[in-house]
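Q:
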Amino acid sequence: MSGHSTYEPKTGFERWLDMRLPVIRMAYDTVLTFPTPKNLNYWWTFGGILSLCLGIQIVTGIILAMHYVPHVDYAFNSVERIMRDVNYGWLVRYIHATGASMFFLAVYIHICRNLYYGSYKAPREVLWILGCVIYLLMMATAFMGYVLPWGQMSFHGTVVITNLFGAIPVIGPSITTWLWGGFAVDDPTLNRFFSLHYLLPFVIAGVVVLHIWALHVPGNNNPTGVNVKSKEDTVPFHPYYTVKDGFAISVFLILFGFFVFWFPTALLSPDNSIPANPLVTPAHIVPEWYFLPFYAILRSIPNKLGGVIMMFSAIAVLFVLPWLDTSKVRSMRYRPTIRLYFFIFLLVCLVLGFCGAHEPAEQVIPGVTTFTLGDYDLNTMVWLSRVAALYYFAYFLLITPIMGLTETPLPVPESISEPVLSHPASGSAQAAAASNKG
Amino acid sequence: MSDTVVRTNPDPQAPGEDPNRRDFIHIVASVAALGAVGGLAWPFIDQMNPAGDTLALASIEFDLSKVVEGQQVAVKWRGKPLFVRYRTPAEIAAAVKDDHADLRDPQTDESRHKPGKPQYLILIGVCTHLGCVPNFKGGDYGGWLCPCHGSVYDTSGRIRKGPAPKNLAVPDYAFLSDTKIKVG
Ligand code: HEM
Ligand code: FES
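Residue numbers (the numbering used here), protein chains in the order written: chain A, 1 to 438; chain B, 1 to 184.
(1) Is the segment 232 to 248 of chain A touching the segment 33 to 52 of chain A, taking contact as three or more C-beta pairs under 8 Å?
(2) Name the chain A residues that come within less than 8 Å of Leu81 (chain B), Cβ to Cβ?
(3) Indicate the three-state DSSP secondary structure (helix, strand or coil) for Pro401 (chain A) in the structure shown.
(4) Could you please give the first and the last residue of the uninterrupted alpha helix (DSSP H) stretch that includes Gln107 (chain B)?
(5) My assumption, with CB atoms under 8 Å, is that Glu359 (chain A) sits in contact with Met332 (chain A). Please give the rounded CB distance.
(6) Whole angstroms is fine: what's the gap from Met144 (chain A)'s alpha carbon to Leu136 (chain A)'s?
(7) Check whether the Cβ of Asn272 (chain A) sits closer than 7 Å to any heavy atom of the ligand HEM, and report yes or no.
(8) Comparing the C-beta of Pro275 (chain A) with each C-beta of chain B, is any distance below 8 Å?
(9) Determine the chain B residues that contact Leu164 (chain A) at a beta-carbon separation under 7 Å, and present them in chain order.
(10) Excluding five sequence neighbours on each side, which residues of the same chain lie with their C-beta closer than 6 Å to the C-beta of Ala167 (chain A)?
(11) Are Thr234 (chain A) and Pro22 (chain A) touching if we call contact CB-CB under 8 Å?
(12) Please list the partners that Gly250 (chain B) has in chain A, where partner means a Cβ-to-Cβ separation under 9 Å.
(13) One question on the structure: do Val152 (chain B) and Lys161 (chain B) come within less than 8 Å of each other, judged by their Cβ atoms?
(14) Once DSSP output is grouped into helix, strand and coil, what is the label at Pro275 (chain A)?
(15) Can a CB atom of chain B be found closer than 8 Å to the CB of Thr369 (chain A)?
(16) By the criterion of Cβ-Cβ separation under 7 Å, what are the contact partners of Gly182 (chain A) in chain B?
(17) Starting from Leu298 (chain A), trace the alpha helix (DSSP H) both ways and give me its first and last residue.
(18) Looking only at its own chain, which residues have a Cβ that is under 6 Å from the Cβ of Ile315 (chain A), when we skip the five neighbours before and after it?
(19) Could you tell me whether any non-hydrogen atom of the ligand FES is closer than 7 Å to the CB of Gly131 (chain B)?
(20) Is the shortest distance between the beta-carbon of Val84 (chain B) and the beta-carbons of chain A less than 8 Å?
(21) Residues of chain B with CB under 8 Å from Arg339 (chain A), in chain order?
(22) Tell me which residue opens and which closes the beta strand (DSSP E) that Ile124 (chain B) is part of.
(23) Strictly below 8 Å CB to CB, what residues from chain B border Val159 (chain A)?
(24) How many angstroms separate the CA atom of Leu267 (chain A) from the CA atom of Glu288 (chain A)?
(25) Rounded to a whole number of angstroms, what is the C-alpha to C-alpha distance between Leu350 (chain A) and Tyr290 (chain A)?
(26) What would DSSP say about Val183 (chain B), mapped onto helix, strand or coil?
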């Protein structure tokens with residue numbers, strides 16, 4: 001889309017179509033010849049993996065929708081029927097359910113890649129924000145999908161999440177009633193969630209188109225974070241990255257298949273195999289693993305509204321990140337100080353996830369009572385998540401802006417090609433290339 | 001067509017030549033379009049609110065003789081659990097004793113049951129934190145304990161500990177006879 005097109009229609013039909021709707025030209029320019037930095041590593045393969053995930057969810061989802069019945073009296077049984085009676089229904093459902101987890105796994109890696117290599121910085125802010133929008137839509141879609149099987153977790157998870165909006169002063173209760181379409185989570189809620197669960201993935205697909213468009217204006221970032229300076233620095237997307245992405249996708253699909261065929265229920269909650277019962281809440285309400293860090297932040301605040309605000313802020317802060325980062329250097333390869341804080345940040349996200357999976361009052365180190373301060377036992381999940389949540393926000397709001405001003409980055413290479421050419425190993429590489437020719 | 005007409009017209013006051021008139025038409029048209037969209041937005045939003053039949057299914061009758069002393073029965077009312085608890089004298093005494101304790105949502109036990117019927121406590125069984133169903137007799141006060149984030153309610157259904165801000169709600173209900181109530 002940027003730069004001029006080198007596509008030359010070869011057949012008469014292609015020439016005819018090119019004058020009328022240049023779709024082949026567009027595909028050619030975006031997928032085949034698009035100039036791509038030559039030093040992209042495997043962390044750059046997750047974009048392709050994510051597109052595949054969206055495709056898988058849409059195809060399996062449409063099939064599920066052919067057999068699924070969005071009604072409180074039939075939903076649970078219709079999913080059981082998909083599992084037992086519909087030909088290969090078990091396969092389609094397990095791919096869809098596992099697919100949601102794989103999708104989030106890929107998106108988290110993709111987001112962390114961007115954080116590490118500073119891909120959100122100018123001129124890629126819009127690209128980054130569109131990515132954040134996709135992430136939000138994914139969360140909404142997955143949440144509503146999880147409601148559909150109408151098991152105990154589906155039901156009570158929905159109750160808890162929709163009640164979050166009730167924390168908003170004055171209009172909160174009307175918003176929850178509006179979301180429910182009644183006095184409680186019930187048939188109208190299930191119906192509208194099904195409708196929206198069907199819709200949102202296509203909205204995501206639309207935003208993905210914008211996302212890729214916004215990518216193709218400045219082009220890819222790369223592990224050095226240095227701008228592409230000349231043709232020397234790039235290779236055409238095909239065959240270089242079609243092959244690299246293809247390999248990564250194959251490895252990813254092995255992991256995917258491992259879950260689908262060997263541990264299909266590992267990522268599902270056993271409570272969701274019990275039909276929804278509005279009169280009994282399961283002993284232990286936990287969201288899907290991909291929401292756990294946010295759930296931990298929600299519960300770390302003892303105040304209802306405060307918890308909700310912090311949880312949404314944890315996502316909102318991502319949107320403004322391009323303006324919080326004061327460093328001119330993109331890649332953390334050349335920012336050793338913040339790199340350390342970044343790895344702690346990754347650890348903190350895992351810790352938050354861990355806390356989210358446990359009861360707030362549960363002890364972190366069982367049996368230890370030394371960390372008791374008056375009424376407070378600091379050796380509890382809730383205190384651990386408080387400390388972790390504090391770091392989460394500090395990383396974005398304090399460490400990122402301050403570090404950009406105070407740290408001394410390492411020297412950044414002149415161009416993408418320079419570190420390769422000046423690398424001590426490149427001498428022998430050239431020799432090897434020469435001997436290959438011979 | 002109109003363009004050519006306008007250009008050949010020497011009169012500077014002719015329609016189309018006056019930028020203010022053009023602007024006016026643009027503004028009026030945009031406002032009208034926005035108004036139409038805004039007016040249509042409300043029905044499209046309001047359709048998601050409870051429908052007529054949902055609102056109509058609002059009241060139930062319950063036979064209190066089904067509950068034995070010291071026990072609770074949970075029934076579904078408006079899609080939510082309704083707790084009907086037959087309290088023991090000890091539980092009532094405990095609730096009354098705490099009327100002036102340090103309560104988050106101060107209410108006397110008296111105000112939470114019908115006059116002369118302190119044994120029957122009728123509550124909406126929805127935790128005022130995020131809506132889970134509290135467990136009967138759990139927690140330090142012998143009332144309820146919410147499994148979700150640990151809110152503790154006393155034997156009057158008042159919030160005593162944990163994140164919930166309010167007491168368990170008392171629905172609108174009336175005694176039809178000594179052993180029968182109508183809720184809603
Ligand atoms: C962004 C893409 C999508 C995500 C992340 C997603 C996620 C989910 C999740 C987490 C579930 C619950 C799985 C379970 O526990 O059984 C689910 C169920 C379902 N989804 Fe999706 N979904 C997506 C796209 C779609 C699409 C496009 C459709 C329909 C066209 C669809 C139709 C369904 C149906 C009918 C169910 C209920 C059957 C079941 O529970 O397995 N989904 N989805
Ligand atoms: S819903 Fe009861 S404590 Fe949170």
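Yeah, the Cβ is synthetic: ideal placement off N, Cα and C, and Gly gets one too.
A: Quick look at the numbers:
(1) yes
(2) The sequence given here places Pro at residue 81 (chain B); Leu does not occur at that position. Pro278 and Leu279, listed in chain order.
(3) helix
(4) Per DSSP, Gln107 (chain B) belongs to no alpha helix (DSSP H) and is neither H nor E.
(5) With 8 Å as the limit, Glu359 (chain A) and Met332 (chain A) do not qualify as a contact, their Cβ atoms being about 36 Å apart.
(6) 13 Å
(7) yes
(8) no
(9) Leu130
(10) Lys304, Leu305 and Val308
(11) no
(12) The question about residue 250 (chain B) has no answer here: the residues shown for chain B are numbered 1 through 184.
(13) yes
(14) strand
(15) no
(16) Pro50, Thr54 and Gly79
(17) Leu292 to Ser300
(18) none
(19) yes
(20) no
(21) Within 8 Å Cβ-Cβ: nothing; Arg339 (chain A) doesn't reach chain B, min ~36 Å.
(22) Tyr120 to Ile124
(23) Leu130, Gly131 and Cys132
(24) 8 Å
(25) 11 Å
(26) strand
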